[in-house]
Structures are given as structure tokens and as C-alpha cells.
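In the UniProt record's numbering, the protein residues as written are 1 to 674. To keep things clear, I will list the structure first and then write my remarks on it.
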């Protein structure tokens with residue numbers, strides 16, 4: 001689980017003794033009594049964990065009561081089931097020392113508590129390590145998201161707020177939070193979602209003169225919202241503050257956007273066409289026509305690339321990590337190059353995943369959506385689609401809730417009547433909407449076939465400064481192993497995000513964080529063969545189930561091994577794969593031991609970014625939800641144009657393929673509307 005924080009929260013600097021085993025307890029009258037879901041005893045336990053997990057270093061302050069209180073305040077608005085998980089983890093740590101020490105964790109000395117946390121951290125049992133991860137992720141987030149912590153390592157905390165322009169097309173945007181009464185609208189095509197697929201489809205139809213209405217659950221964030229702070233972006237731009245996790249034999253955070261622009265607002269801007277091998281698999285396995293081939297989708301890719309300004313990343317803004325990877329890859333004879341991106345005029349501020357402050361990244365909120373609005377489309381934000389209206393087997397519109405975040409009274413309802421409906425809510429939300437609507441159920445495949453491109457990273461410490469905050473966060477690649485299903489892409493991380501990505505605690509953790517200016521990071525993803533599913537979870541949120549298979553586990557291990565070798569060849573002092581039992585791989589002998597081991601699923605830190613496939617296209621109604629034209633097999637006039645329609649894992653970043661397929665589907669729909 002990855003926690004996120006409210007940037008308005010401040011964490012006081014700890015002033016207690018640096019080595020004392022006692023904790024300074026805030027007086028009861030000084031505490032904020034709002035949303036006090038942790039008891040005083042539980043706050044004491046959390047403080048005891050914070051003190052030893054995040055001790056003071058040479059110049060970084062240590063954590064304590066202030067960090068625990070800030071964590072408590074931040075987590076007060078997460079779902080109830082998340083609160084229960086956190087409390088369970090807290091008591092698991094508190095009671096873990098009773099059998100051996102006959103005292104609970106919070107009553108032990110600092111040294112004994114540090115040893116106890118080390119037992120959790122170094123355990124070979126994944127659920128035990130996960131207990132500590134649940135507690136430390138929000139504690140680290142609270143502790144490091146402060147201007148003074150950034151000053152200590154010499155990097156910028158946030159950007160100045162810019163002034164937003166007010167183009168004419170903004171008049172065609174309605175904020176659902178400002179609507180007070182139920183609303184009825186009519187159009188030819190209603191599009192649910194404004195990410196890669198929905199925005200491209202809306203633009204194409206509006207360009208052809210169709211009356212198009214776009215609905216977006218999130219808000220329209222302009223440049224003034226993008227100040228470079230991950231904490232603010234997680235709160236405003238990510239679904240469920242980025243706390244979506246695929247549960248299984250590995251618990252994998254899955255990152256998706258919730259705003260006008262969808263996940264294109266929070267991605268790194270990397271642009272690939274799908275490889276020929278993937279199209280061949282679609283033809284052989286799913287019987288798709290030649291339209292789905294490099295040649296068939298080529299004209300659509302060209303149109304997407306022109307709209308997004310796709311080009312290789314500028315060498316001026318690749319950062320020092322690119323030179324490090326190039327040096328190591330060249331030494332090993334591996335193919336490497338700058339990535340192609342949708343960010344003309346990028347100035348390399350390194351915060352692409354938190355909203356581009358300059359508008360250089362051509363996410364759909366600055367490309368397809370404004371272009372659609374300028375051509376007559378309309379957009380309603382803060383509009384949560386409740387269900388597709390189906391009459392006599394045909395989609396006839398959408399019913400949505402406006403400003404659903406209101407706490408008093410029933411939010412107003414929006415009813416849209418339309419000749420056709422395009423659902424583009426994304427791989428996680430689209431199957432939930434369709435299931436509520438009674439659509440795409442005939443095959444039994446709705447919500448199934450989930451792929452997520454499992455990803456991991458390796459860090460390395462160098463003698464020379466890397467300054468990882470300078471440069472494009474994902475601007476360089478090693479594609480030498482792409483045919484095997486391994487794609488290596490550069491990953492430089494801000495200071496506080498790096499703090500969350502290091503699964504350590506205690507003095508060695510703080511020592512590493514103090515060397516952040518010398519720390520390099522690079523990542524990779526796997527074209528997965530594992531599959532999962534999306535179900536309706538508590539509160540109507542998506543529940544992801546995914547089990548990593550043996551093939552993908554071995555491929556993840558191979559990716560880690562390759563990156564370790566690349567960093568060694570580049571001259572790293574320390575190589576840090578953070579693999580259970582292999583925290584550091586600094587020598588050839590250590591690398592040989594890693595290669596000789598058999599890493600299990602869960603021994604490698606894994607995240608995921610590209611969920612696909614939960615409403616896939618195909619030619620057989622018994623094995624797919626949609627036809628090759630993107631229309632539902634069992635509901636006429638209902639089309640799906642997002643990542644959920646893609647039949648299988650792509651092996652590359654998917655936004656261009658989603659857009660190209662959406663343009664094609666929109667052309668087909670336009671012709672059928674007559």
C-alpha cells in the first residue's frame with residue numbers, strides 16, 4: 001500500500017532526546033479531537049514505531065509524536081476498511097514482542113524496538129513484511145513531505161502557482177459541483193470518461209459534426225493545480241488517493257487517474273506503438289482482423305502522434321541517470337536510447353506524474369479535450385456515471401450523480417438521452433459501471449482478464465552526484481530484451497517519493513535518504529501472462545484480485561538481475577535491488593548468488609501502472625465482451641473505448657494504442673449514426 005498526504009498538514013520537528021527510550025506525549029487538551037479513530041494508546045504505539053523506524057540522522061530530523069499525530073489526521077478520511085487494516089497492523093506490532101520480551105512493543109527500549117522492527121522487515125514471510133509496510137508508508141509520507149526536509153538534501157519542495165488562461169472553450173465546461181437541481185440533457189453521443197480513449201473518441205466525433213457530451217467523475221485541474229507536490233496530486237488527481245491495490249500472492253499498488261484527462265495527466269508521457277508480436281497474438285488468439293496490425297492501425301497512430309507532438313526526449317533534459325544507464329548498457333552491449341514522449345517543449349522539471357506545470361506534456365486535458373470542446377462538444381465534470389440506460393437491448397443514455405462529494409442532502413442527478421453511449425471510464429471502473437447497468441454480461445468475461453504490467457526498480461549509490469530531481473523522470477530506455485517481455489524505462493523520483501520506495505527502516509534507512517543526491521533509480525516492466533479480475537468492492541470501489549504466476553516472477557527476477565549488472569558496469573558503489581535476502585548486490589559474486597536463487601512472488605517490490613483487458617474485444621461472444629468494432633455483443637449502441645477493451649498485455653506503455661483504437665471506433669460509430 002502506498003500512502004499519500006495532505007500538503008496542508010505540517011509535522012512538528014521532534015525536540016525530545018535523540019537516544020532516549022521514552023516518548024514525549026502531547027497533553028490531552030492539546031490534541032485535535034476531530035476524527036479521532038485512534039485511541040490514545042494506539043497513538044502511543046504509532047509514536048513508538050515512528051521513533052525507531054525514522055530516527056534522526058546526521059542532518060535529517062527524527063520522527064516522533066508529531067509524525068504520528070499527522071499520520072492520524074491524514075488517514076482519518078480513508079475508507080473504514082483501510083482504517084481497520086492499519087489498526088490491525090498496529091496491534092500486530094504491539095503484541096509481537098510479548099512471547100519473547102513479556103512486554104508490548106511500545107514499552108521496550110529503543111534498541112529492543114529497533115530489533116523487533118528488523119524482524120518484520122527481514123522476514124521471509126510476505127504478510128509479516130506487509131504489516132510493517134502498512135504502518136511505515138504513511139509515516140514516511142508524513143515525515144518527509146516538509147519543506148525543511150527537502151532543503152536538507154538541496155532540492156526544491158514545490159513550484160510557484162501559475163495563472164490560468166481562460167480560453168473560449170472553457171465556456172462549454174460545466175462543473176457538476178455547481179449544479180443545484182436535477183438536470184436533463186440530450187446529445188447524439190455521450191462519452192463517459194476523458195482519459196486516453198474517451199477524449200480521443202469525443203474529439204473524433206465532434207470533428208465530424210456530432211453533438212457530443214463528455215462526462216467526467218473528476219475535476220478539471222488547470223496548470224495552477226500542478227505545483228509539483230506528489231501529496232497534492234495523489235489527493236486531487238489519483239483514484240482513491242493512489243491507494244488502489246491488487247490483492248493476491250503479491251499486493252501490488254495500481255496507479256490510475258481521476259480527473260479530466262484520466263491517467264494521461266499522471267503518466268510519464270512515454271509513447272509507444274504496440275509491438276508487432278502483440279498484434280500477431282491478437283490475431284491468433286482472439287481472431288481479430290488485419291485492422292489490428294502495425295499497418296492497420298498505422299494511420300491512426302500517425303494522427304495520435306501529430307496531435308500529441310510525439311518525439312524523442314531532448315538530451316538536454318534526460319538527467320544524469322540517462323548517462324549512467326547509457327554507460328552501463330554500452331559496456332554490456334545492450335541497445336539503449338532516449339524514449340519517445342508526448343511532451344514538446346519539455347523543460348525537464350521531473351514531475352510529470354503529478355501534473356505538468358507548463359502544459360508541455362500533451363495529456364488529454366490539454367490536447368484532445370480542449371480540441372473537442374473547441375469543435376462543439378460539451379463537458380460536465382464531477383459527474384459520476386451510475387448506470388447506462390438500456391431500453392429494449394439498446395443503450396439510450398446515461399444516468400449520473402453530480403457533485404457526489406457533498407455531505408448534506410441528495411446530490412442532483414443528471415439524465416442524458418443519447419443515440420449512442422461510449423464508456424471510457426478505464427479498466428478498473430468500466431466493468432463496474434457495465435455490471436451495474438446489466439451490460440456485457442453474456443460472456444461471463446466482464447471484469448476478467450486483468451493485466452497490469454508488473455513493474456519494479458533497482459537503486460544504486462554513486463560517488464558522484466546524480467541529482468535525481470533534475471530531468472525527465474522517464475526519459476531513457478533499454479529495449480534490448482523487449483522481445484522477451486522486459487522493457488526498461490528510466491525512473492527518477494522526487495525526494496519524498498524515493499522515501500516511500502525504500503522498504504527499509506531504522507538508521508540504515510535514514511543514512512541512505514541523506515545520500516539522496518547521489519542515488520540513482522531505474523525501472524522496468526513485464527509483459528505479464530498472469531491475469532486477475534476486477535470486482536465490486538466495499539463502497540462500490542474496485543476490488544482487484546491478481547495472482548503473479550511463475551513465468552512472470554522469473555521475468556521480474558531477470559529484470560532485477562539485468563539492472564544490477566547495468567549499475568555495476570556503470571560504476572555504482574552500492575546496488576540496491578531491495579529483494580528479500582538480497583538487499584545489496586554490489587559485487588559479481590553477489591550478483592551470481594542472486595541469479596542462483598529462486599526468488600518468490602512477493603520477494604520483489606512490485607507496482608503497476610497500465611491495467612488493461614477487463615472488457616476485451618474479440619470475435620467470439622463467448623470469450624469477449626465487445627466485437628472488433630468496440631460495440632458490446634449484447635447491447636446495441638454501447639461502445640467501450642479505453643484500456644479495458646485491449647485484449648491482452650501490450651508490453652509497452654498503452655496510451656497511444658488506446659487512442660488509436662478509440663479513433664477507429666469513433667469512425668465506425670460515426671458511419672453507423674448516418
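Glycine included, each C-beta is placed from N, C-alpha and C at the ideal position.
| Item | Value |
| --- | --- |
| DSSP-derived helix/strand/coil call for residue 1 | With a pLDDT of 32 at residue 1, under the threshold of 50, the predicted position of this residue should be treated as unreliable, though the coordinate-derived value follows. Of the three classes helix, strand and coil, the one that applies to residue 1 here is coil, per DSSP. |
| 7 angstroms CB neighbourhood of residue 621 in its chain, flanking five on each side removed | 442, 443, 633 |
| Pairwise C-alpha distance: residue 662 and residue 200 | 6 angstroms |
| Under the three-state DSSP convention, the category residue 154 falls into | coil |
| Residue 138, enclosing alpha helix (DSSP H) - first and last residue | 126-144 |
| Segment limits, alpha helix (DSSP H) that includes residue 459 | Per DSSP, residue 459 belongs to no alpha helix (DSSP H); it is in the beta strand (DSSP E), 454-461. |
| Contact check, residue 431 vs residue 553, beta carbons under 7 angstroms | no |
| For residue 104 and residue 451, the rounded distance between their alpha carbons | 42 angstroms |
| Residue 272 - DSSP class collapsed to helix/strand/coil | coil |
| DSSP beta-bridge partners of residue 525 | 455, 487 |
| Same chain, Cβ closer than 7 angstroms to residue 279, five either side skipped, listed in chain order | 292, 293, 294 |
| 7 angstroms Cβ cutoff met for residue 455 and residue 607 | yes |
| Range covered by the beta strand (DSSP E) that runs through residue 676 | What the structure shows of the chain is the stretch from 1 to 674, and residue 676 is not part of that stretch, so it cannot be assessed. |
| Option nearest residue 153 by Cα separation, candidates 513, 670, 305, 343 | 513 |
| Inter-residue Cα distance where the pair is residue 272 and residue 340 | 7 angstroms |
| Length-filtered (4 minimum) alpha helix (DSSP H) runs lying within the segment 496-558 | 507-513 |
| Contact check, residue 260 vs residue 216, beta carbons under 7 angstroms | yes |
| Rounded straight-line distance, which links the Cα of residue 520 to that of residue 466 | 6 angstroms |
| Cβ neighbour criterion (16 or more within 10 Å) applied to residue 491 | buried |
| Residue 523 to residue 376 span [Cα, whole Å] | 41 angstroms |
| Identity of the residue in 453, 310, 507 nearest residue 485 by Cα | 453 |
| Three or more C-beta pairs below 8 angstroms linking the segment 45-58 and the segment 81-99 | yes |
| Minimum C-alpha distance to residue 333 - residue among 176, 498, 570, 84 | 570 |
| Span of the beta strand (DSSP E) around residue 337 | 336-338 |
| Per DSSP, cross-strand counterpart(s) of residue 187 | 418 |
| Three-state secondary structure assigned by DSSP to residue 649 | coil |
| Assigned secondary structure, residue 204 (DSSP; H/G/I helix, E/B strand, else coil) | helix |
| Reference residue 139; option with closest CA among 72, 463, 76 | 72 |
| Distance between residue 545 and residue 245 (C-alpha atoms, nearest Å) | 9 angstroms |
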